[in-house]
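Numbering follows the numbering used here, with no gaps: position 15 of the sequence shown is 953.
Glycine is no exception: its CB is placed at the ideal position from the N, C-alpha and C atoms.
For reference, the structure discussed in these notes is given below.
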Amino acid sequence: MDESLTDITEKQVVNLCDGKILGYIVDFMIDVCNGCITAIIIPGDGGIFGFKKCTDIIIPWNKICKIGKDTIIVDIGNLPSVEDDRGKRRKK
């Protein structure tokens, strides 16, 4: 199955561990030497009206379980829902 990057960014990303909808892909990390995608980037919680500083969620490509018609299933464990003492979301 061939997909363009645009097609992939239009799919919801869901965490297999807890069923949480993480959002949509906003960027990719690419290994330019080998010509392959190494990770996808999902925006973190943006707070009220998106003005709160957030930390993006970087998901390694090998954590993608399935790319379906409408959804991308990833297995990244439980993401903490509480913020640490610096007000930033912790990444796993």
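- Every beta strand (DSSP E) of 3 residues or more that sits fully in the region 957–1006 is shown, in chain order, as 959–962, 965–969, 974–980, 995–998 and 1002–1005.
- Our two residues, D965 and I975, have alpha carbons roughly 10 Å apart in a direct line.
- Here I946 is not bridged, per DSSP, to any residue.
- If you draw a straight line from the Cα of I1005 to the Cα of D994, it is about 21 Å long.
- For I1011, the secondary structure class from DSSP, reduced to helix, strand or coil, is strand.
- In this structure, the alpha-carbon of C971 lies about 15 Å from that of A977.
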